[in-house]
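Undergrad: Pasting in a structure now, in structure tokens, and then I'll have a few things to ask.
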Amino acid sequence: MLEIKNLHASVDGKEILRGINLTVNAGEVHAIMGPNGAGKSTLSNVLAGRDGYEITQGEVIYKNENLLELEAEERAQRGVFLAFQYPVEIPGVSNIYLLKAALNAVRKYQGLEELDAIDFLTLVRSKMELVKMDEQFLHRSVNEGFSGGEKKRNEILQMALLEPSLAILDETDSGLDIDALKIVSEGVNALRSQERSIIMITHYQRLLDYIVPDFVHVLSKGQIVKSGDKELAKELEKTGYSWVHDQPEGLSA
Amino acid sequence: MKQLTDLATPFASVAEALISAEGTVPWLKKLRQDALTQFNVLSLPAKKEEDWKYTSLWSLSQQSFNHHAESVVIAADDVDAVALLQDAYRVVIVDGVFSDELSDIDALQSGLSISALSESVEQLEHKLGKQTELTKAGLNALNTMLMSEGVVISVEAKIQVEKPIEIIVVNTGNTANLATHLRHKIELESGARATVIEHYVGLTQDSYFTDVVTEVNLAESAELTHYKLQQESNNAFHIATLAAHQAQNSQWLTNNISLGAKLARNDIHSQLLGEQSHVTLDGLYLVDGEQHVDNHTRIDHAVPNTTSDELYKGVLDGNSHAVFNGKVMVHKDAQKTDANQSNRNLLLSRGCEIDSKPEMEIYADDVKCGHGSAIGQLDEDQLFFLRARGLDEVSARSLLTYAFAVEVLTRIPNQVIRDALAEVIEQRLPKTGGKV
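What follows is the structure, given as structure tokens:
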């Protein structure tokens, strides 16, 4: 599905990612954990195609294509989905309009017809149940006036509708109370499948109690310094991140 | 270099011919004569005048205009195609001449009267020129000395007009460099309610000149919802004054959407003369290429307990130039005034220019007034979000621009009109990505 090889990326001449290596196979859930400033958000932005990052070395292969050569929208159309840490508000654009535009963009790439209004609404309603969202959210402007939890649920709703091959969840747990965290996690778990890979980026172990990963990686100073299974996350919870700073530079677990 | 005064002479000669024409009623003759005298003193406004600092009428003054339209026939289907609304009382003016055939005002509800200025001007003694001051600017004098067509609407007390009234002013391009001078008069007696749309359409990209003054008089508790949709040719001049007097408890909601013209200038003025009166003065200008649009608005809070709300938004592309000057005057005794004004602009290119000047002059001490002006570009985070959801860059930009623009429609109470205007705006956006 995804292969990241020796990825180096800089912002304004400052190197943030310093040689990331990661292979994600179809159906796997990977958690990437790390302290603030480790490069977690940079990694998700680079994978999703946000402007402003300079790739100085390495490559990213996604479904046999060079991901880094694709525009953000081309990546999305090919099934890469970024659930934003801070979903933006877009006054004046209704949620339903966004969902329809996004779905049709993906379907167009897949060579499928646009859904008609009735089929589309039926589909959206079924996905809304998954994240327990009320239909009134469809007619409100995208994220405008939504609570933190509603914004994150809205991200998962978009993911459920677009059915991506690779979902990158950037700090999806941040700002969520326990109830919202449960709803979001249930939504994500329902979307786990043999064909879909998920990368969860998080600071805290808490999320991993609800979405249990197959692999856990620790990111520090732009490198993956340790990899393991879900037990690694529990270990981190006990010891904190202080120990990762003591790891010798350039060490990859 | 010639002075503007010299070049303005042709308008004066047309006015002289009108004044000396046989059969003109004496009071109208005098009104035109006074206007001509003023025009000869004031001439067309020049850039040294503060209100015309950013808008030059040089190119208008350079051009000679034709004041007599050759007769032209257009099909009812053509009018249907450009009309904003299909279910409305319709008044159609083609190349400056009222068309009885294309209009639909034969079966009016009782208490409503709609007529063409050319057919009813003799009954308008003491009615014309009440909301506009001849001396204020050369352009009102120009309109008064030359006005030849327009629409006169009056609604009797307590009558609610069931259907919107759409005034469609069409330029066919059949007469080269045609100048039309229109005067509309909208009069609502106490408690009357009506919706009026002024709609200006150019069928070609030719050069011509539309000059219009609209006078609005709202008696006690009258409510007028008024829209202006300007879709002139991109080579046309559109100069307009819209002025209202508002009595106690009257409500005026107006929305001014300016999409066309090479040079468009709107002077919009509300005088809140009775307590509890309210005006909502919204507008949108969407310009590109070499277009120039100038909106000057003024609201006078003349008595206590009046309210005003104003939102003007602009979208500028290409080398376009927009001017917004919004003045709110709170007079000495106008305590408890509540006035809000905002002008927000979206710049889509490096070549465009906006001059935004919100102004408040407050002479009362117990008031609630706020104003602001903002100029910005499309938000990069919003753009990335949409692209990360699969929308191509052109569609994403177009969607965000649309979302910015249509905010000015949110206060329109009539859903059909709001949707129709939203569609017009959507079609006017840069079209390269196609509708998603």
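Those protein sequences? They're chains A and B, same order as listed.
Under this note's numbering, the first residue of the first sequence carries the number 301, and numbering increases by one thereafter.
Under this note's numbering, the first residue of the second sequence carries the number 1135, and numbering increases by one thereafter.
Every residue gets a Cβ at the ideal spot worked out from N, C-alpha and C, and that includes glycine.
Can you pull the chain A neighbours of V1540(B), defined as C-beta to C-beta under 8 Å?
TA: G392
Undergrad: Establish whether the CB of A1554(B) and some CB of chain A are separated by less than 9 Å.
TA: no
Undergrad: Taking only runs of the alpha helix (DSSP H) that begin and end inside the segment 1169 to 1226 of chain B, which ones reach a length of at least 4 residues, in chain order?
TA: 1192 to 1196, 1210 to 1216
Undergrad: Could you check if P1492(B) is buried or exposed, using at least 16 other CB atoms within 10 Å of its CB as the buried criterion?
TA: With 16 or more Cβ atoms within 10 Å of its Cβ, P1492(B) is classed as buried.
Undergrad: Any idea what DSSP makes of V488(A), helix, strand or coil?
TA: helix
Undergrad: Quick check on DSSP: helix, strand or coil for F1145(B)?
TA: helix
Undergrad: Between T1414(B) and L1376(B), which are expected to be in contact by the criterion C-beta below 8 Å, what is the C-beta distance as a whole number of angstroms?
TA: Wrong, their Cβ atoms sit about 14 Å apart, outside the cutoff.
Undergrad: By Cβ distance below 7 Å, which residues in the same chain neighbour D1238(B) in space, the five residues on each side in sequence not counted?
TA: For D1238(B), same chain residues with a beta-carbon under 7 Å away, outside a window of 5 residues either side, are Y1223, R1224 in chain order.
Undergrad: Taking only beta-carbon positions, decide if G1524(B) is within less than 9 Å of chain A.
TA: yes
Undergrad: Looking only at its chain, what residues have a beta carbon closer than 6 Å to the beta carbon of E444(A), apart from the 5 residues adjacent to it on each side?
TA: E389, P391
Undergrad: Counting only the same chain and skipping the five closest in sequence on each side, list residues whose C-beta sits under 8 Å from that of E413(A).
TA: Take E413(A), set aside five residues on each side of it, and the residues of its chain with a beta-carbon closer than 8 Å to its own are R407, in chain order.
Undergrad: For a minimum of 3 consecutive residues, which ranges assigned as the beta strand (DSSP E) are wholly contained in the segment 355 to 405 of chain A?
TA: 380 to 383, 390 to 394
Undergrad: Flag this pair as yes or no: are the beta carbons of V1421(B) and S1454(B) separated by less than 9 Å?
TA: yes
Undergrad: If you run the structure through DSSP and keep just helix, strand and coil, what is T1544(B)?
TA: coil
Undergrad: Where do the N-terminal and C-terminal ends of the alpha helix (DSSP H) with Q458(A) fall, by residue?
TA: 448 to 462
Undergrad: Looking at V431(A): is its Cβ nearer than 9 Å to the Cβ of A401(A)?
TA: no
Undergrad: Would you give the residue range spanned by the beta strand (DSSP E) that G1446(B) belongs to?
TA: It is Tyr, not Gly, that sits at residue 1446(B) in the sequence shown. 1441 to 1450 is the extent of the beta strand (DSSP E) around Y1446(B).
Undergrad: Could you tell me the alpha carbon to alpha carbon distance between R506(A) and S542(A), rounded to whole angstroms?
TA: 18 Å
Undergrad: Answer with buried or exposed for G525(A), where buried requires no fewer than 16 other C-beta atoms within 10 angstroms of its C-beta.
TA: Per the sequence shown, the amino acid found at residue 525(A) is Val instead of Gly. Under this definition V525(A) is a buried residue.
Undergrad: In three-state terms, what does DSSP make of G414(A)?
TA: What sits at residue 414(A) in the sequence shown is Glu, not Gly. Three-state result, E414(A): coil.
Undergrad: With a threshold of 9 Å between beta-carbons, can R1562(B) be considered close to chain A, or not?
TA: no
Undergrad: Using the Cβ count rule (16 or more neighbours within 10 Å means buried), how would you classify Q1425(B)?
TA: Buried, since its Cβ has 16 or more Cβ neighbours within 10 Å.
Undergrad: Are the CB atoms of L347(A) and I468(A) nearer to each other than 9 Å?
TA: yes
Undergrad: I want to verify the contact list: residues of chain B whose CB lies under 8 Å from the CB of R496(A), in sequence order.
TA: Those do not exist, as R496(A) stays about 17 Å from chain B at its closest Cβ, beyond 8 Å.
Undergrad: Just grab the DSSP bridge partners of Y1334(B) for me.
TA: V1303(B), Q1364(B)
Undergrad: Tell me, please, which residues DSSP counts as bridged to P1492(B).
TA: For P1492(B), which the question treats as bridged, DSSP gives the partners G1460(B).
Undergrad: Would you please verify whether the beta carbon of S1529(B) is less than 9 Å from any beta carbon of chain A?
TA: yes
Undergrad: Tell whether a beta-carbon distance below 9 Å holds between N1389(B) and N1429(B).
TA: no
Undergrad: On a Cα-Cα basis, can you pick out the residue from Q494(A), L519(A), Y510(A), P387(A) that is closest to A326(A)?
TA: Q494(A)
Undergrad: Checking 9 Å against the spacing of the C-beta atoms, do A1378(B) and S1404(B) come in under that value?
TA: yes
Undergrad: Name, please, each residue of chain B whose Cβ falls closer than 9 Å to the Cβ of E373(A).
TA: Within chain B, the residues near E373(A) are L1520, R1521, A1522, R1523, G1524, L1525, D1526, E1527, S1529, A1530.
Undergrad: I'd like to confirm the pairing. Which residues does DSSP put opposite T1329(B) in its beta bridges?
TA: T1359(B)
Undergrad: Do you know how far the Cα of A1537(B) is from the Cα of V518(A)?
TA: Between V518(A) and A1537(B), the C-alpha separation is close to 41 Å.
Undergrad: Can you tell me which of T1189(B), D1489(B), L1236(B), E1290(B) puts its alpha carbon nearest to the alpha carbon of Q1220(B)?
TA: L1236(B)
Undergrad: Of the residues D1214(B), V1304(B), R1166(B), which one's Cα is nearest the Cα of N1274(B)?
TA: Out of D1214(B), V1304(B), R1166(B), R1166(B) has the C-alpha closest to the C-alpha of N1274(B).
Undergrad: DSSP beta-bridge partners for H1403(B)?
TA: Under DSSP, H1403(B) takes part in a beta bridge, and its partners are A1377(B), R1432(B).
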